[in-house]
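There are 2 protein chains.
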Amino acid sequence: MFEFALLGLLHEAPMHGYELRKRLHDLLGAFRAFSYGSLYPTLRRLQRAGLIVEEGPEESALSWGRRARKVYKLTPEGKERFAELLANAGPQTWDDDSFGVHLAFFSRTPADVRMRILEGRRRCVEERREGLRERLTRTGEQIDRYTRELHRQGLESTEREVRWLNELIAHEKSEQDE
Amino acid sequence: MFEFALLGLLHEAPMHGYELRKRLHDLLGAFRAFSYGSLYPTLRRLQRAGLIVEEGPEESALSWGRRARKVYKLTPEGKERFAELLANAGPQTWDDDSFGVHLAFFSRTPADVRMRILEGRRRCVEERREGLRERLTRTGEQIDRYTRELHRQGLESTEREVRWLNELIAHEKSEQDE
DNA sequence: GAACGATGTATCGCGGCGATATAATCACCT
DNA sequence: AGGTGATTATATCGCCGCGATACATCGTTC
Numbered sequence: 001m002f003e004f005a006l007l008g009l010l011h012e013a014p015m016h017g018y019e020l021r022k023r024l025h026d027l028l029g030a031f032r033a034f035s036y037g038s039l040y041p042t043l044r045r046l047q048r049a050g051l052i053v054e055e056g057p058e059e060s061a062l063s064w065g066r067r068a069r070k071v072y073k074l075t076p077e078g079k080e081r082f083a084e085l086l087a088n089a090g091p092q093t094w095d096d097d098s099f100g101v102h103l104a105f106f107s108r109t110p111a112d113v114r115m116r117i118l119e120g121r122r123r124c125v126e127e128r129r130e131g132l133r134e135r136l137t138r139t140g141e142q143i144d145r146y147t148r149e150l151h152r153q154g155l156e157s158t159e160r161e162v163r164w165l166n167e168l169i170a171h172e173k174s175e176q177d178e
Numbered sequence: 001m002f003e004f005a006l007l008g009l010l011h012e013a014p015m016h017g018y019e020l021r022k023r024l025h026d027l028l029g030a031f032r033a034f035s036y037g038s039l040y041p042t043l044r045r046l047q048r049a050g051l052i053v054e055e056g057p058e059e060s061a062l063s064w065g066r067r068a069r070k071v072y073k074l075t076p077e078g079k080e081r082f083a084e085l086l087a088n089a090g091p092q093t094w095d096d097d098s099f100g101v102h103l104a105f106f107s108r109t110p111a112d113v114r115m116r117i118l119e120g121r122r123r124c125v126e127e128r129r130e131g132l133r134e135r136l137t138r139t140g141e142q143i144d145r146y147t148r149e150l151h152r153q154g155l156e157s158t159e160r161e162v163r164w165l166n167e168l169i170a171h172e173k174s175e176q177d178e
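If you read the sequences in order, they're chains R and W. Numbering (UniProt numbering) for the first sequence: 1 to 178. Numbering (UniProt numbering) for the second sequence: 1 to 178.
Written as structure tokens, this is what we have:
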């Protein structure tokens, strides 16, 4: 997931760690944190896997005095891997925390995959909604006031999300046959 | 967090692992998963810490034939620990995933702590809301259509959550001076 | 000139998850 | 009587991501 996000960002341009984190933060800050505690280990993992490489030290031009920073760029295998992750978009793609990340890279995502992700996400949210609905209407085993309140709020918000997804899907469809 | 949930459940009655997980699942299934992969390790952690103990084997009455199951109950230290976790309710308490869990145990939570948690949560959601608002109104650096859509939806849903929290808080206040 | 906040890289331990193994019991069908 | 599958039940493994923390440099402000 983090892997996906980093590959996605490096797809746009080579970058160093701190910048990756910053871009990620103001792209998705409200939805996913992405701390340094995973950033650097993940970068090294990607590097070991040959998906990214440290770019040669072509600075020196202007900005030395700057400071030791390592600029990474995608290798061909990295690009391939990113495409593969998109193609294999499956169940875990539409989890709460994955979905936002994938949305953020939608402009880089083929139209058919976009559709698959949106519909997968919708099904997933609909399932949650049904669970909540069932739990709320089920009489018997009297349910704690606060828990009930939590479920009410959850139900309402999943309903809204489904409506929102429907709009996105409709828009997608209309664009598809334009 | 998981620790808090388990102590909270065992506060009601002694139980074995599977049952804990089931109760948790239909109490909070839509909000938090709580897999077996954390359940049993956490139980052992609690046990090592002396917060829970395996209950003596007073079955044999009816139900042998059943099958090896370990019933845990809270020790006095366990109860103390739970109270302590409530008293120390701090910033991490109002994270997305903690908050729901704490709500589920609100009937067991002192009124002043309830208030603190609700207000903390509200502040937290308000901050997220402001972040989203700022990001959306900020012109410049044209923002990807899908990301904008994500932020719009996020903004709307945080606004609704704040309103919901306000209602809860108001209700709490009205009850307080009844 | 010192204090502070941003830039920048990095590690450590831990909490939680998904996948997986194992096994007995129960309900149902044939 | 036998098979099949769902449910009850405990448990481990490796991985991912987080929060805390450390450290060093840079630019700005008092």
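Built from N, CA and C at the ideal position, the CB exists for glycine as well.
DSSP places Leu150 (chain R) in no beta strand (DSSP E) but in the uninterrupted alpha helix (DSSP H) bounded by 145 to 176. Cβ-Cβ distances below 8 Å link Leu165 (chain R) to Leu118, Arg121, Arg122, Val125 in the same chain, with the five nearest sequence neighbours on each side left out; the list follows chain order. DSSP places Leu10 (chain W) inside the alpha helix (DSSP H), whose first and last residues are 2 to 12. One alpha carbon belongs to Arg160 (chain R), the other to Glu172 (chain W), and they sit about 27 Å apart. For Leu74 (chain R), the enclosing beta strand (DSSP E) stretches over residues 71 to 74. Put simply, the CB of Trp164 (chain W) is near chain R, with a gap under 7 Å to one of its CB atoms. Taking a contact as a CB-CB distance under 8 Å, the pair His16 (chain R) and Arg69 (chain R) counts as one, their CB atoms being some 4 Å apart. By the Cβ neighbour-count rule, Ala49 (chain R) is exposed, with fewer than 16 other Cβ atoms within 10 Å of its own.
The continuous stretches of alpha helix (DSSP H) do not include Glu55 (chain R), and DSSP gives it neither H nor E. Setting aside the 5 residues that flank it on each side, Gln176 (chain R) is surrounded in the same chain by Ala111, each with a C-beta closer than 7 Å to its C-beta; the list follows chain order.
Considering only R:Phe2, R:Arg145, R:Pro41, R:Leu46, the residue with the shortest C-alpha distance to Leu27 (chain W) is R:Arg145. When only Cα atoms are considered, Met1 (chain W) and Asp96 (chain R) end up about 19 Å apart. Tyr18 (chain W) and Tyr40 (chain W) have their C-alpha atoms spaced approximately 9 Å apart.
Spanning the alpha carbons of Arg45 (chain R) and Glu3 (chain R) requires a straight line of approximately 9 Å.
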